[in-house]
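Take the sequence shown: its letters are residues 1 to 285, numbered as in full-length UniProt numbering.
From the three backbone atoms N, C-alpha and C, an ideal C-beta is built for every residue, glycine too.
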Amino acid sequence: MHEYYFANYRLLVDDAINNDEYMDYLAGFSQAMPATHTFTLHLGDEAQLGPLFAEAILHPIVCTTDRFNIHDTQDSWTFLSNMDDEVARRIGKFVLICARDYSEMTLYVSQRIPMSSAIRAACEAGMTMRDGMPLHAALVEKDGYGVVFLGPSGMGKSTQAKLWVEHQGADFIIGDRPGLRRIDGQWIGFGMPWDGKDGIKQQKQVPIRALISLEQAPENSIRRLTKQEAMIVLLNQVMMPMWDDAAMALLTPLMGQLATEIPFYHLKNLPNREATELTRNTIMQ
């Protein structure tokens with residue numbers, strides 16, 4: 001087994017899976033850190049792939065994406081590749097069976113195919129059951145504190161993060177999917193192995209100073225959000241396992257704590273230095 005670490009969790013990966021080129025995204029997350037929980041990813045017998053696939057599709061679909069469907073198989077969550085038949089014939093199928101708490105995962109695959117999105121979704125769901133919160137956001141570190149930029153795709157999260165690097169001397173930790181945890185009463189932001197198109201991700205952690213919801217505008221302005229407004233932002237930007245009632249029952253109050261304990265702001269912005277200075281001066285007051 002190979003060991004990887006993210007957000008103070010440990011991920012053990014079967015050697016046969018680890019050597020696959022599609023697992024390269026884990027390469028920068030091998031430095032040990034204190035871990036409060038271990039997730040384990042096993043490789044199953046390929047001969048069981050067909051029967052397991054056929055069995056799982058008899059159970060209800062509780063979530064669907066462009067890469068996989070999740071079926072509730074009662075004693076587990078089963079992720080099935082849902083690529084069209086032509087693609088499936090060309091590169092094969094996969095089945096990922098997860099324990100109800102996502103601590104144990106077994107992958108069945110006919111060929112080495114991109115299945116990282118399913119593994120990511122399982123690990124992120126497991127985080128939400130263990131004081132973790134995966135976000136659709138960008139995270140930078142400046143002078144020992146973290147700033148999180150939130151917003152839908154195309155709203156300028158990476159742009160603002162890069163402007164902070166250029167004009168404020170910040171460190172760009174991750175560009176698309178940071179993890180947040182409340183540890184010993186403090187909110188910590190973490191780089192994660194999974195990222196978006198920028199490919200920016202570091203195995204680093206930083207205490208969070210503020211969360212910034214972004215909106216593009218013809219001029220720069222910023223205001224503090226109420227707890228209710230902050231919750232609306234989180235409901236749109238937290239990677240929530242909506243199919244899992246047990247996970248959601250733990251995640252929802254955690255989101256409420258974050259909205260109460262950490263300042264949230266709404267930044268109407270232009271992509272310029274002045275936006276970074278306005279934000280920095282506001283959150284440092």
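When the options are compared against residue i, the one with the closest alpha-carbon
i	options	result
Arg209	Arg182, Arg177, Ile232 and Val62	Arg182
Met231	Leu254, Phe149, Gln186 and Tyr22	Leu254
Gly199	Val13, Asp24, Thr128 and Tyr108	Asp24
Ser76	Asp245, Arg100 and Leu43	Arg100
Val147	Ile283, His2 and Glu3	Ile283
Thr73	Leu211, Pro60 and Ala246	Pro60
Gly179	Phe149, His2 and Lys197	Phe149
Arg177	Glu21, Ser117, Cys98 and Ala170	Ser117
Leu214	Thr159, Gln186, Gly185 and Gln257	Thr159
Ser221	Leu250, Ser153, Thr64 and Thr276	Thr276
Lys227	Thr252, Leu211, Tyr22 and Gly256	Gly256
Pro51	Ala27, Ser110 and Lys197	Ser110
Glu3	Leu26, Asp20 and Tyr22	Leu26
Ala7	Pro218, Trp187, Lys197 and Leu234	Trp187
Gly185	Ala122, Leu250, Thr260 and Cys123	Thr260
Pro271	Asn19, Pro218, Ala246 and Lys142	Pro218
Gly189	Ala138, Leu58 and Leu251	Ala138
Ser153	Lys197, Leu251, Thr252 and Ala47	Lys197
Assumed close pair residue i, residue j - CB separation to whole angstroms, cut-off 8 Å
i	j	result
Phe53	Leu80	6 Å
Met127	Val238	The pair is not a contact, with the Cβ atoms about 11 Å apart (cut-off 8 Å).
Ile17	Leu49	14 Å between Cβ atoms; not a contact.
Leu211	Ile262	6 Å
Tyr265	Leu225	6 Å
Ala56	Val13	That pair is no contact at about 22 Å.
Arg273	Leu163	7 Å
8 Å CB neighbourhood of residue i in its chain, flanking five on each side removed
i	result
Gly144	Val206 and Pro207
Tyr5	Leu11, Phe29, Ser30, Gln31, Ala32, Met33, Ala35 and Gln203
His37	Tyr9, Arg10, Ser103, Gly126 and Arg130
Met248	Thr128, Met240, Pro241 and Met242
Residue i - partner residues in DSSP beta bridges
i	result
Tyr102	Paired residues: none, contrary to the question.
Tyr5	Arg10
Lys201	Ile174
Ile283	DSSP lists no partner for Ile283.
Ile188	Arg181 and Pro207
Asp72	Trp77
Ile61	His71
Other residues of its chain near residue i: CB distance less than 7 Å, five sequence neighbours each side excluded
i	result
Arg120	Trp194
Arg280	Gln168
Gln216	Met155, Gly156 and Asn269
Asp244	Ala125
Leu278	Asn220 and Ile222
Own chain, CB closer than 6 Å to residue i, minus 5 neighbours either side, in chain order
i	result
Phe172	Val140, Ala161, Val165 and Ile200
His136	Gln237
Asn82	Phe68 and Asn69
Thr78	Ala56, His71 and Ile97
Gly191	Ile173, Ile174, Lys201, Gln202, Gln203 and Lys204
CB contact below 9 Å: residue i versus chain B
i	result
His266	Checking the listed chains, one finds no chain B in this structure; it contains a single protein chain.
Runs of alpha helix (DSSP H) wholly within the segment 91 to 166 (minimum 4 residues, chain order): 116 to 128
Suppose only complete runs of 3+ residues qualify. What are the beta strand (DSSP E) ranges in the segment 191 to 272, listed by chain order? 205 to 216, 221 to 224 and 264 to 269
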